[in-house]
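J.: Pasting in a structure now, in structure tokens, and then I'll have a few things to ask.
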Amino acid sequence: MRRIIFLSAFFISTFAFAQKTSSISGILMDAELNNEPLKFAKVSIKEIGKETYTDKNGVFKFENLTEGTYTLEYSFVGYETQEIKTKHSFGKETFVKLFLSASTLSFDDILLTLDRADKKDDRPTNSH
60 MRRIIFLSAF
70 FISTFAFAQK
80 TSSISGILMD
90 AELNNEPLKF
100 AKVSIKEIGK
110 ETYTDKNGVF
120 KFENLTEGTY
130 TLEYSFVGYE
140 TQEIKTKHSF
150 GKETFVKLFL
160 SASTLSFDDI
170 LLTLDRADKK
180 DDRPTNSH
């Protein structure tokens with residue numbers, strides 16, 4: 060009887076603990092290049108300071124998150140950094156598709172001046 064009570068308590072506590080966490084996973088893609096996955100892009104959760112990087116397929120995952128609202132920030136070199144907010148319940152596993160657009164570079168007036176160098180002919184002349 061003791062064994063049954065102990066095992067029941069163990070499984071109930073394990074189940075209760077498992078229900079208090081959630082995970083966020085997803086894929087990060089280029090919004091302009093046929094939804095190509097972005098490899099090794101940075102994804103972070105601002106509220107808790109966790110960060111990870113996408114794998115070779117553009118996939119990322121955060122595990123063991125408690126219930127709450129999180130801000131995902133995602134970035135990659137040459138792309139505009141983006142953020143989204145997500146709300147999670149106990150035991151929920153969330154999958155998100157994220158997209159990044161290439162950043163545009165703007166320059167103030169640029170003046171380009173080219174000077175043509177005088178070409179000197181140093182070849183010996185043939186007098187014959």
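Position 8, counted from 1, in the sequence shown is what our numbering calls 67; the numbers after and before it change by one each time, with no gaps. For each residue, glycine too, the CB sits at the ideal point set by N, CA and C.
In three-state DSSP terms, what is K156?
T.: Numbered from its first residue, the sequence shown carries residue 156 at position 97. DSSP places K156 in strand when its eight states are reduced to three.
J.: Return yes when the Cβ of E142 is within less than 8 Å of the Cβ of T125, no when it is not.
T.: On the sequence shown, residue 125 is found 66 positions in, with the first residue counted as 1. On the sequence shown, residue 142 is found 83 positions in, with the first residue counted as 1. No, the Cβ-Cβ distance between T125 and E142 is not below 8 Å.
J.: My understanding is that V118 touches S84, with C-beta atoms under 8 Å, so please give their C-beta distance in whole angstroms.
T.: As a first step, residue 118 must be located in the sequence shown, where it is residue number 59. As a first step, residue 84 must be located in the sequence shown, where it is residue number 25. Going by Cβ atoms, the distance from V118 to S84 rounds to 7 Å, so yes, they are a contact pair.
J.: Within the continuous beta strand (DSSP E) that includes G127, where are the two ends?
T.: For the purposes of this step, residue 127 is identified with residue 68 of the sequence shown, where counting begins at 1. That run of the beta strand (DSSP E) goes G127 to S134.
J.: I'd like the list of long-range same chain contacts for F99, defined as Cβ closer than 7 Å, with 5 residues on each side in sequence excluded.
T.: Position 40 of the sequence shown, counted from the start, is the residue given in the question as residue 99. Hits under 7 Å: Y112 and T113.
J.: Nearest-angstrom Cα distance between E132 and G108?
T.: Position 73 of the sequence shown, counted from the first residue, corresponds to residue 132. Position 49 of the sequence shown, counted from the first residue, corresponds to residue 108. One C-alpha to the other measures close to 11 Å.
J.: Residues in its own chain within less than 6 Å of F158 by CB, not counting five upstream and five downstream?
T.: The residue you call residue 158 lines up with position 99 of the sequence shown. Excluding sequence neighbours, F158 sits near M88 and A90.
J.: First and last residue of the beta strand (DSSP E) that includes E122?
T.: For the purposes of this step, residue 122 is identified with residue 63 of the sequence shown, where counting begins at 1. First-last of the beta strand (DSSP E) with E122: V118 to L124.
J.: Give me the residue from S81, A161, R182 and P96 with the minimum Cα distance to T128.
T.: Within the sequence shown, residue 128 is the residue found at index 69, counting from 1. Considering only alpha carbons, the answer is S81.
J.: Mapping DSSP to helix, strand and coil, what is E110?
T.: As a working mapping, residue 110 is identified with position 51 in the sequence shown. If DSSP states are grouped into helix, strand and coil, E110 belongs with the strands.
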